[in-house]
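Asker: Before anything else, here's the structure in question.
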């Protein structure tokens, strides 16, 4: 390096050249420089062109770990990292040559103990009298550089995570433009990252997204907010729309300055759809609960306090749900009913503690807001969460005040019972304690072929087969003893009765004692229902089960053992016949491939309880239940499973021994039996020819409508219609044609009625229509419409048929008997007026 232009180069402190230079400088400027160096927080030095230290400050000494005297004996290159010397020499040469006035670099320096220091060095040239001196300022940036490298490493780690994550990660600058997107964008929405980069984020949201929310979230993050979370709908590349959930936070650079937003999102279409389905289900159930006439409620078992009532409570008892929830439990019920409820709560607590389901059903009397009471039929059960943890007891209360009043009226109204019995398919009968029938309803002829008079004339033993007669005799003897002892008389049995054609029918007979108002016994009254079909099904079912039992005991029962760790250690060969799997395959199947989900839950619950009992030193109870198994062909079979914990000679648990028996066939018969019962119930309430309600059912509907009208208000009307000259049709064209006229007549009328209306056969060619929420005027309009519909359209074989109509609206407080008498008078007036017309109020 040529230093000829700087004659003072190489001079030491205190020599003439230095003194001359310092004298040439402004003394004030020198003094300022000296003060600045001494008090500067960063390292500062005055260095000659050949690198000798002329002045150093305390901060530089601390940085390099040397005192001032030691540094003044060194050259700058002695404390500079060797790899940075070449660049330093080059820069100094340029400054000496006048091509550069200053420079700034990050360089490495050597501490006295040998460790490396990174410094931000700034060098400027001080020229005076042809001499070059250098003012060197060094800021220790070792820690800042370490943090910067750590941040870069974190950013690289973040980049690798983002590029390999299934979530889409992106960064938005302070202007709202997307500057980077992870490759997972393509898999999620079909876009390439370059499709998004440079665009404003809201461009891809449905209708631009909620711009106000978007800007508010950006503002929150730019002001130092930690994070925001949002749901939006976004366009995919193919134009479809998807729901996404976004988590966003501020993007902070290495200097701690917020430079935008970093965020991630994932597609949540399935979750949103599931949430919407759940909301719809909850709204549906809530609307159903709110619209029910029954009262739905929930009670906290620990505190004995109600926690919920459906709005229908106010219709039943006059209280709002909020009023009753705040009321003590004892103020809800009459004293007798409160005792029943307290006993139910006590039992429910015991059941919950023992792990048993809570089941409660009682009729209770509850107070209304106006001081009156209502009778309710209360049914309750326990509610559990998804993990099987008990939550609370929930129930339904149904207002049965009207039913109880009706029961009382029916008990004291023998005439009403008799009229009902005359129209029933079931046989109503009465018998004295000496075994003499005193009454039989006309339906006995449909059941057994005998008229009531013929049966009453027969000796009692000629009505029943010997086995059934023995049951009847035993029942009469018991009734005599019960009456003598003041006990109520009850009888229930299945009996086989003789028919007039020599065959037999099986009947379900129920009877009870009838008493006067003073409590004096009168006679035994009963109802007999034809159960021949059910009895035959039961017989066939018993035969089938017996056949199956013999077969299963010899071939098909599967015997198996299970260890305490849940492994199946043995399966008998009959598993191949039962499920289609070999014993080896069955032993290695997981529970999910063996049982259906519901049966898995039941099996796991028992096994878990058994393990807990064994570990606690208790003897586990055996298991008995019906489980549904998977078969090789994909079908399922039902098995009756008995499992017994076994123990060795030392009383230690050995294994669980089980037997599985196929009961699939029995399940099928149970289903058929249920269907047969449903068919019989339908037959008991409908007219067999026309398919509309029979007289018993329409009378029931009328009384129910009267009760509702008395309680809630609203008009009620009846239409009684009669086919004109129907006997002439039967006599002239025959009964088959007459039957077709009845069927077609009912079809035409039924098609014109509302779903809330009731239509039934009153007797012969008379039919009754019940119109809730309809006054006399509306009923008269309907009657005229029906009259025209019948008269103006000929019947296929009978030609023109007409009908007469009577119409009557129920008066306030009017009984059904008086109402029907008025209605019958209106029909009579229509016939007197020439038929094919209607007469109303």
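Residue numbers (this note's numbering): 361 to 1201.
Note that CB positions come from ideal geometry on N, CA and C, so glycine has one too.
From a predicted model like this one, the values you see are computed outputs, not experimental measurements.
1) Quick one: grab the DSSP three-state call for residue 655.
2) Taking buried to mean at least 16 other C-beta atoms within 10 Å of its own C-beta, is residue 466 buried or exposed?
3) Let me know the secondary structure DSSP gives residue 954 once reduced to three states.
4) Between residue 1151 and residue 1196, how many whole angstroms is the CB-CB distance? I'm expecting something under 8 angstroms.
5) I'd like to check one pair, residue 498 with residue 479: are the Cβ atoms closer than 8 angstroms?
6) Does the distance from the CB of residue 1149 to the CB of residue 1108 come in under 8 angstroms?
7) So, using beta-carbon positions, are residue 533 and residue 619 closer together than 8 angstroms?
8) Is it true that the segment 706-723 meets the segment 679-691, where meeting means three or more beta-carbon pairs spaced less than 8 angstroms apart?
9) I need the boundaries of the beta strand (DSSP E) containing residue 800, first residue and last residue.
10) Mapping the DSSP letters down to three states, classify residue 334 as helix, strand or coil.
11) Within the continuous beta strand (DSSP E) that includes residue 948, where are the two ends?
12) For residue 970 and residue 748, what's the separation of their Cα atoms in angstroms?
13) When the Cα atoms are used, what is the spatial distance from residue 834 to residue 889?
14) With residue 556 as the anchor, note down where its alpha helix (DSSP H) starts and where it stops.
15) Residue 718 lies in the alpha helix (DSSP H); which residues open and close that run?
16) Flag this pair as yes or no: are the beta carbons of residue 981 and residue 1003 separated by less than 8 angstroms?
17) Sort out for me which residues DSSP pairs residue 1017 with in a bridge.
18) Might you give, ordered along the chain, the residues of its own chain that have their beta carbon closer than 7 angstroms to the beta carbon of residue 1193, omitting 5 neighbours on each side?
19) Among all the DSSP beta bridges, which residues are the ones paired with residue 1081?
20) Scan the segment 454-507 and note each continuous beta strand (DSSP E) run of 3 residues or more that stays entirely inside, going in chain order.
21) Can you look up residue 596 in the DSSP assignment and give me helix, strand or coil?
22) Reducing DSSP to helix, strand and coil, say where residue 939 ends up.
23) Would you tell me roughly how many angstroms separate the C-alpha atoms of residue 421 and residue 501, rounded to the nearest one?
24) Is residue 561 helix, strand or coil by DSSP?
25) Could you tell me whether the Cβ atoms of residue 756 and residue 708 are closer together than 8 angstroms?
26) Drop a sphere of 10 angstroms on the beta-carbon of residue 958, count the other beta-carbons inside from all chains shown, and report buried for 16 or more, exposed for fewer.
27) For residue 895, which of helix, strand or coil comes out of DSSP?
28) In the DSSP assignment, find the unbroken alpha helix (DSSP H) run with residue 409 in it and report its ends.
29) In whole angstroms, give me the CA-to-CA distance for residue 705 and residue 660.
30) In this structure, what does DSSP give as the bridge partners for residue 989?
31) According to DSSP, simplified to helix, strand and coil, what is residue 913?
32) In this structure, does DSSP put residue 1193 in helix, strand or coil?
33) Out of 616, 608, 630, 633, which has the shortest C-alpha to C-alpha gap to residue 623?
34) Identify the continuous beta strand (DSSP E) that holds residue 665 and give its terminal residues.
35) Compare the Cα-Cα distances from residue 853 to each of 895, 822, 803 and report the closest residue.
36) Once the 5 residues before and after residue 362 are set aside, which same chain residues still bring their CB inside 6 angstroms of it?
Answerer: On the basis of the data shown:
1) strand
2) exposed
3) helix
4) 6 angstroms
5) yes
6) yes
7) yes
8) no
9) 797-800
10) Nothing about residue 334 can be read from this structure; the chain reaches only from 361 to 1201.
11) Neither: residue 948 is in no beta strand (DSSP E) and is coded neither H nor E.
12) 17 angstroms
13) 20 angstroms
14) 553-556
15) Looking at the DSSP string, residue 718 is not in any alpha helix (DSSP H), and its letter there is neither H nor E.
16) no
17) 921, 1004
18) 1199
19) 1127, 1165
20) 462-470, 476-488, 491-500
21) coil
22) helix
23) 16 angstroms
24) helix
25) no
26) exposed
27) helix
28) Segment: none, residue 409 is in no alpha helix (DSSP H) and carries neither H nor E.
29) 10 angstroms
30) 955, 997
31) Because residue 913 sits at a pLDDT of 43, beneath the cut-off of 50, its placement in the model cannot be relied upon, and the following sentence gives the value as read from the coordinates. Of the three classes helix, strand and coil, the one that applies to residue 913 here is helix, per DSSP.
32) coil
33) 608
34) 665-669
35) 895
36) Reliability of the predicted coordinates at residue 362 is poor, the pLDDT of 37 falling under 50, and no value is obtained from them.
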